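Residue numbers (my numbering): 461 to 857.
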């Protein structure tokens with residue numbers, strides 16, 4: 461057996477120590493352990509170093525993890541009572557599991573100052589292989605309750621080429637196999653719960669071992685309350701100021717109504733910038749902004765109705781005396797059957813006029829100033845009731 465040499469940083473070579481030479485002698489890295497004697501069991505554990513970003517637009521998250529894999533290779537047994545920690549570059553000489561992250565969009569192995577890999581061999585042939593990687597993993601999100609939503613994301617580890625007859629996966633410490641989430645500080649989320657599971661992936665080529673790590677994220681709503689909800693409420697309240705302004709102050713009331721409508725429109729557009737544009741979700745924040753916009757627009761329409769009724773009342777007072785008498789006569793005296801027989805055209809015209817006067821009377825308001833008085837109570841009361849229903853529904857259902 462020829463001595464194996466590894467390059468050093470200075471360009472020289474060093475012969476591997478006798479213990480490692482004995483281990484490597486006759487070793488075939490292309491054959492898995494227990495090749496003719498059942499599957500090899502690979503235990504896994506992880507440390508979550510950080511979750512850098514969680515993107516609702518791309519439906520993914522980016523995390524840096526320390527992944528540790530442990531298995532037994534009887535070909536690597538040696539005499540002694542101490543483990544051997546080897547340079548990570550020696551992993552190219554050993555068999556390692558072909559583990560991959562199922563839903564990963566992009567991943568990379570850290571290599572500063574050297575590749576962040578660790579190989580440790582124990583006397584009984586147990587191998588510990590640890591790496592530090594950063595990966596971006598897809599996570600399907602249901603945004604219907606945004607920003608009061610909870611999202612459940614997963615990190616799935618699977619064997620690429622070895623099926624369950626060759627390799628089996630297991631978590632080394634059950635739910636405690638993944639650590640680090642309890643100390644993470646995320647910008648918009650709080651990790652509420654996490655657990656692990658063992659399953660199998662079924663494809664046309666066979667059944668493959670699979671480990672799944674589930675973690676539940678709850679969005680912190682305080683930021684959205686200060687950023688969106690409170691300004692929306694203040695705009696709605698501001699639109700009610702017009703109810704206390706004199707009806708004759710047309711520019712003032714129109715200015716308040718138009719300004720609040722435009723400001724609310726800008727706020728609605730800003731609230732959607734951090735969310736995917738092409739989605740089928742009607743989110744909770746969209747519902748609330750729609751409610752606020754309706755109240756603001758309703759306050760503007762209220763003044764339009766009030767102003768119309770005021771003008772209608774003034775025009776009614778200025779009607780000619782003959783028109784008023786005709787209206788009074790039509791409304792008080794029904795059309796007789798004799799008049800219908802004598803002059804059907806005249807009676808038909810009088811019936812039409814009577815109906816028109818009835819329609820106008822339906823929209824007639826004796827005192828238009830009462831509309832503002834009603835609006836001062838009905839608008840705030842309705843807004844409070846709708847707010848109670850909104851928050852109860854989205855927080856508890």
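Beta carbons are placed, not taken as given, at the ideal position from N, Cα and C, and that holds for glycine. For clarity, every value in this text was computed on a predicted model and none was experimentally measured.
Roughly how many angstroms lie between the CA atoms of residue 567 and residue 642, to the nearest whole one?
Taking the first residue of the chain shown as 1, we reach residue 567 at position 107. Taking the first residue of the chain shown as 1, we reach residue 642 at position 182. Distance between the alpha carbons of residue 567 and residue 642: 24 Å.
Rounded to whole angstroms, how far is the Cβ of residue 562 from the Cβ of residue 618, which I believe are closer than 8 Å?
The residue you call residue 562 lines up with position 102 of the chain shown. The residue you call residue 618 lines up with position 158 of the chain shown. So it is a contact: roughly 5 Å between Cβ atoms.
Note down, in chain order, each residue of its chain lying with its Cβ closer than 6 Å to the Cβ of residue 585, except the 5 sequence neighbours on either side.
Walking along the chain shown from the start, residue 585 turns up at place 125. Excluding positions up to five away in sequence, the list reads 532, 533, 534, 536, 537.
Under 9 Å, do residue 679 and residue 609 count as touching if we go by C-beta distance?
To locate residue 679, count along the chain shown from 1; it is residue 219. To locate residue 609, count along the chain shown from 1; it is residue 149. Yes; because the gap between Cβ atoms is below 9 Å, this pair is in contact.
Just how far apart, CA to CA, sit residue 838 and residue 845?
The count along the chain shown starts at 1 and reaches residue 838 at position 378. The count along the chain shown starts at 1 and reaches residue 845 at position 385. Taking the straight line joining both Cα atoms gives about 11 Å.
Among the residues of its own chain, which have a CB less than 6 Å from the CB of residue 684, if the five just before and after it don't count?
The sequence position of residue 684 within the chain shown is 224, counting from 1. Closer than 6 Å at Cβ, skipping near neighbours: 607.
Which partner residues of residue 504 appear in the DSSP bridge assignment?
Translated into the one-based positions of the chain shown, residue 504 becomes position 44. Under DSSP, residue 504 forms a beta bridge with 529, 631.
Give the straight-line distance between the Cα atoms of residue 465 and residue 554, rounded to the nearest whole angstrom.
Reading the chain shown from its first residue, position 5 is the one you call residue 465. Reading the chain shown from its first residue, position 94 is the one you call residue 554. Only weak support is given to the placement of residue 465: the predicted model assigns it a pLDDT of 46, under 50, and the value that follows is read from those uncertain coordinates. Going by the C-alpha atoms only, they are around 15 Å apart.
Which residue comes first and which comes last in the alpha helix (DSSP H) that contains residue 830?
Here residue 830 corresponds to residue number 370 of the chain shown, with the count starting at 1. Where residue 830 is concerned, the enclosing alpha helix (DSSP H) stretches over 829–856.
Looking at the structure shown, is residue 626 part of a helix, part of a strand, or coil, going by DSSP?
Taking the first residue of the chain shown as position 1, residue 626 is located at position 166. Coil, per DSSP.
Using DSSP with H/G/I as helix, E/B as strand and the rest coil, what is residue 698?
The residue labelled residue 698 in the question sits at position 238 within the chain shown. Helix at residue 698.
Output the boundary residues of the beta strand (DSSP E) element that contains residue 432.
An answer regarding residue 432 cannot be provided, because it is not within the stretch 461 to 857 covered by the chain.
What does a CB cutoff of less than 6 Å around residue 571 pick up in its chain, not counting 5 residues either side in sequence?
Walking along the chain shown from the start, residue 571 turns up at place 111. The answer is none, since no qualifying residue turns up.
Near residue 611, which residues of its chain fall below 6 Å by C-beta distance, leaving aside the five closest residues on each side in sequence?
Taking the chain shown and counting its residues from 1, the one referred to as residue 611 is at position 151. Contacts found: 601, 677.
Indicate whether the contact test is met: 3 or more Cβ pairs, each with one atom in the segment 689–708 and one in the segment 664–676, closer than 8 Å.
Result no; under three Cβ-Cβ pairs closer than 8 Å.
Count the other CB atoms within 10 Å of the CB of residue 520; is the residue buried (16 or more) or exposed (fewer)?
Within the chain shown, numbered from 1, the residue matching residue 520 stands at position 60. When all chains shown are included, residue 520 counts as buried.
Measure the beta-carbon distance from residue 578 to residue 548 and round it to whole angstroms, keeping in mind my assumption that it falls under 8 Å.
Against the chain shown, residue 578 aligns to sequence position 118. Against the chain shown, residue 548 aligns to sequence position 88. Yes, they are in contact, since the Cβ atoms of residue 578 and residue 548 sit about 6 Å apart, within 8 Å.
Decide if residue 748 is buried, meaning its Cβ has at least 16 other Cβ atoms within 10 Å, or exposed.
Along the chain shown, one-based indexing puts residue 748 at 288. Result: buried.
Quick one: is residue 729 buried, meaning 16 or more other Cβ sit within 10 Å of its Cβ, or exposed?
Within the chain shown, the letter at position 269 stands for residue 729. Label assigned to residue 729: exposed.
Would you mind reading off the limits of the alpha helix (DSSP H) that contains residue 482?
On the chain shown, position 22 is the one that residue 482 refers to. Residues 478–484.
Report the residue ranges of all beta strand (DSSP E) runs contained in full by the segment 657–742; include only those spanning at least 3 residues, in chain order.
The DSSP assignment places complete beta strand (DSSP E) segments of no fewer than 3 residues inside the segment 657–742 at 666–679, in order along the chain.
When burial is assigned at 16 or more other CB atoms within 10 Å of the CB, is residue 647 buried or exposed?
By one-based count along the chain shown, residue 647 stands at place 187. Its Cβ having fewer than 16 others within 10 Å, residue 647 is exposed.
For the segment 653–665 against the segment 702–716, are there 3 or more C-beta pairs whose distance is under 8 Å?
no
Under 9 Å between the Cβ atoms of residue 675 and residue 752?
Residue mapping note: residue 675 aligns to position 215 of the chain shown, counting from 1. Residue mapping note: residue 752 aligns to position 292 of the chain shown, counting from 1. No, these two residues do not count as a Cβ contact at 9 Å.
Pick from 518, 663, 704, 732: whose alpha carbon is nearest that of residue 835?
Counting from 1 along the chain shown, the entry for residue 835 is found at position 375. Closest by alpha carbon: 704.
Let me know if residue 848 comes out buried or exposed under the rule of 16 or more other beta-carbons within 10 Å of its beta-carbon.
As a first step, residue 848 must be located in the chain shown, where it is residue number 388. Flag for residue 848 reads exposed.
Do you know offhand how far residue 621's Cα is from residue 513's?
Residue mapping note: residue 621 aligns to position 161 of the chain shown, counting from 1. Residue mapping note: residue 513 aligns to position 53 of the chain shown, counting from 1. Using only the alpha carbons, I get a separation of about 31 Å.
At the level of alpha carbons, what is the spacing between residue 557 and residue 624?
For this step, residue 557 is matched to residue 97 along the chain shown. For this step, residue 624 is matched to residue 164 along the chain shown. Cα to Cα, the separation comes out at about 13 Å.
May I ask you to report which of helix, strand or coil DSSP gives residue 538?
Counting from 1 along the chain shown, the entry for residue 538 is found at position 78. In the three-state DSSP reduction, residue 538 falls in the coil class, being neither helix nor strand.
Could you pull the DSSP bridge partners for residue 523 from this structure?
Along the chain shown, one-based indexing puts residue 523 at 63. Answer is 511, 595.
Taking 9 Å as the threshold (beta carbon to beta carbon), is residue 714 in contact with chain D?
Within the model displayed, chain D is absent; a lone protein chain is all it includes.
With burial defined as no fewer than 16 other Cβ atoms inside 10 Å of the residue's Cβ, what is the status of residue 482: buried or exposed?
Taking the chain shown and counting its residues from 1, the one referred to as residue 482 is at position 22. By the neighbour-count rule (16 or more Cβ atoms within 10 Å), residue 482 is not buried but exposed.
Rounded to the nearest angstrom, what separates residue 757 and residue 707 at their Cα positions?
On the chain shown, residue 757 is found 297 positions in, with the first residue counted as 1. On the chain shown, residue 707 is found 247 positions in, with the first residue counted as 1. Cα to Cα, the separation comes out at about 17 Å.
For residue 545 versus residue 644, is the C-beta spacing smaller than 9 Å?
Taking the first residue of the chain shown as 1, we reach residue 545 at position 85. Taking the first residue of the chain shown as 1, we reach residue 644 at position 184. Taking 9 Å as the Cβ cut-off, residue 545 and residue 644 do not qualify as a contacting pair.
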